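*Asks:*
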Amino acid sequence: MMNFNLKYITFIAPLVLWWIPLLGPFLTGLLFSYYFKTNYRYSIIISAVYSIMLSLLTSFILINFIKISFINSLFHGVVILFNIIGSLICVITSYLSSKHGSFTKIKGDSIETEFIISNMNQLDEMLSHYVDIRTCNKPNIKFIDESHLEVTRECSNIRITYDITKMGKELRVRAKFKNML
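Going by my numbering, the first residue of the sequence shown is number 813, and it counts up by one from there.
This is how it looks when you write it as structure tokens:
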């Protein structure tokens, strides 16, 4: 049995999913947003390129190889309409999920999460989903460069290490919560 890598599944699965009207493009958008996580620019670009290619492919196959004599022109219009709507659904889903989603992995004694915030005031609000911020000591901030910070905090028995990277007007946060016991 072959061990499939997520990268291959991410770029092959849309070929199958796209044939399911409206739901397929939605799932394709979710798949790309999961693969690119909070890098929503790549997610949008790949979703747009893939949805255009898959729309052209499905339109070509359905219009040229499936003939329905009495409603042929109506069928062609429906195919094109569904592909346009599907492309929009794919790109919008990919954008919203990547930009407003939070991606979390649980590994043994630690949790890693990645999300986007618009300002530093939202950081404690997002971190409070995982720990009680009132129990944390003052953050130890390390400046990497003008658009990148590393911060370490300790809250009760948990050490939080997070990287903050400026991406345009937003901030990408990659946080790791590790149990110190």
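Ideal placement from N, C-alpha and C gives every residue a C-beta, glycine not left out. Treat the numbers as computed from the prediction; the structure is a model and nothing was measured.
Using the Cα positions of residue 934 and residue 910, report the straight-line distance between them to the nearest angstrom.
*Replies:* Near 17 Å, if we compare the C-alpha coordinates of residue 910 and residue 934.
*Asks:* Opposite residue 971 in the DSSP bridges: which residues?
*Replies:* Residue 971 pairs with 966 and 990.
*Asks:* May I have the straight-line CA-CA distance separating residue 897 from residue 981, to the nearest angstrom?
*Replies:* So the two alpha carbons sit approximately 29 Å from each other.
*Asks:* Within 8 Å, do at least three Cβ pairs link the segment 850-866 to the segment 823-837?
*Replies:* Touching, yes, given that three or more Cβ pairs across the two stretches are closer than 8 Å.
*Asks:* Use the C-beta contact count for residue 917: other C-beta atoms within 10 angstroms, 16 or more gives buried, fewer gives exposed.
*Replies:* Exposed: under 16 other Cβ atoms inside 10 Å.
*Asks:* Expressed to the nearest angstrom, what Euclidean distance is found between the alpha-carbon atoms of residue 855 and residue 900?
*Replies:* Between residue 855 and residue 900, the C-alpha separation is close to 13 Å.
*Asks:* At what residues does the beta strand (DSSP E) containing residue 954 begin and finish?
*Replies:* 952-957 is the extent of the beta strand (DSSP E) around residue 954.
*Asks:* Compare the Cα-Cα distances from residue 820 to each of 847, 838, 993 and 837 and report the closest residue.
*Replies:* Comparing Cα positions, the closest option is 847.
*Asks:* Tell me the rounded alpha-carbon separation between residue 976 and residue 913.
*Replies:* For residue 976 and residue 913, the distance between alpha carbons rounds to 16 Å.
*Asks:* Is the beta carbon of residue 947 closer than 9 Å to that of residue 778?
*Replies:* Any answer about residue 778 is impossible in this case: the structure gives the chain only from 813 up to 993.
*Asks:* Go through its chain and collect everything with a Cβ distance to residue 966's Cβ below 6 Å, but skip five positions before and after it.
*Replies:* Cβ neighbours of residue 966 beyond the five flanking positions: 949.
*Asks:* Which residues in the same chain as residue 890 place their Cβ atom closer than 7 Å to its Cβ, once the five residues preceding and following it in sequence are excluded?
*Replies:* So no residue of the chain qualifies.
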